[in-house]
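Asks: Quick one: structure below, then a few questions.
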Amino acid sequence: MSRWPSWSKAPVSGTGPKGHGFMRSETAQGIFVNFKDLYYYNGRISPLLPLHKLARRLEMREKQVSGQPAESTCLGEAASKGIVNNETLGYFIGRVHLFLTYLGIDKDQLRFRQHLANEMAHYPADCWDAEIECSYGWIECVGFADRSAYDLRAHTDKSGVPLAAHEKFAEPREVENLVIAPVKKELALHSRVTKEWFM
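Per full-length UniProt numbering, residue 1 is the first one in the sequence shown, and the count goes up by one each step.
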């Protein structure tokens, strides 16, 4: 066996006819650079938030605290108790659970493990892994990191451009919104479009 060579994990890029540049190995930064424009064009709705509600009945298979046996918890309950940092993170855990089971991963061989404080990087507020049990033991296949507003604050500090999603009012106000919900069955009966389009 030969020695393992060392190399840079940062992708190489040219910077002119002779120079070499290196891109960051983490490409998540690109979503934060455009935050201000996307926030404006989305009607002041944060582009980083999911538009769907949390899947509340999905169970998390594993939660281990200080050597205690794992316990099952409903995602909605985990978010409300603060086990999962927030509903957005819980939403993505739920979506990945649905996706992995749709792919055929056995629910009994799938678990979600929260990182301990000494396992996390410097930026996340909360971090979870989806792990699948195989012949090698439990293997991480998906990682979730709630970066909170770390990246937006870091870009704001360096660029001087505020990247914040909030609106301040002089005093609190109550607003009533009219929400119109279509009766899908009636629309499907009176439409030439197929019923599947409405489901």
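Glycine residues also receive a C-beta, built at the ideal position from the N, C-alpha and C atoms. Remember, it's a predicted structure, so these values are computed and weren't measured experimentally.
Can you look up Pro50 in the DSSP assignment and give me helix, strand or coil?
Replies: Caution is warranted here: a pLDDT of 44 is assigned to Pro50, below 50, making its placement in the model unreliable, and the coordinate value is therefore given only provisionally. Reduced to three states, the DSSP call for Pro50 is coil.
Asks: Looking only at its own chain, which residues have a Cβ that is under 6 Å from the Cβ of Val84, when we skip the five neighbours before and after it?
Replies: Ala78 and Gly90.
Asks: Please find out if some non-hydrogen atom of the ligand PLP comes closer than 6 Å to the beta-carbon of Gly137.
Replies: In terms of ligand content, the structure shown is empty, and the ligand PLP therefore cannot be addressed.
Asks: Considering only their Cβ atoms, is the gap separating Glu119 from Asp129 smaller than 7 Å?
Replies: No, Cβ-Cβ distance for Asp129 and Glu119 is not below 7 Å.
Asks: At the level of alpha carbons, what is the spacing between Ile105 and Ile132?
Replies: Each residue's alpha carbon lies about 8 Å from the other.
Asks: Can you list, in chain order, the stretches of the alpha helix (DSSP H) that have 4 or more residues and sit fully within the stretch 129–188?
Replies: For the stretch 129–188, whole alpha helix (DSSP H) runs of length 4 or above, ordered along the chain, are 150–159.
Asks: State the Cα-Cα distance for the pair Ser135 and Leu110, rounded to the nearest angstrom.
Replies: Taking the straight line from one Cα to the other gives about 13 Å.
Asks: Using the three-state DSSP reduction, which class does Asp108 fall into: helix, strand or coil?
Replies: In this structure, Asp108 counts as helix in the three-state DSSP scheme.
Asks: Determine the DSSP secondary structure at Arg95, reduced to helix, strand or coil.
Replies: Correct three-state label for Arg95: helix.
Asks: Distance, Cα to Cα, Phe99 vs Thr88?
Replies: About 17 Å.
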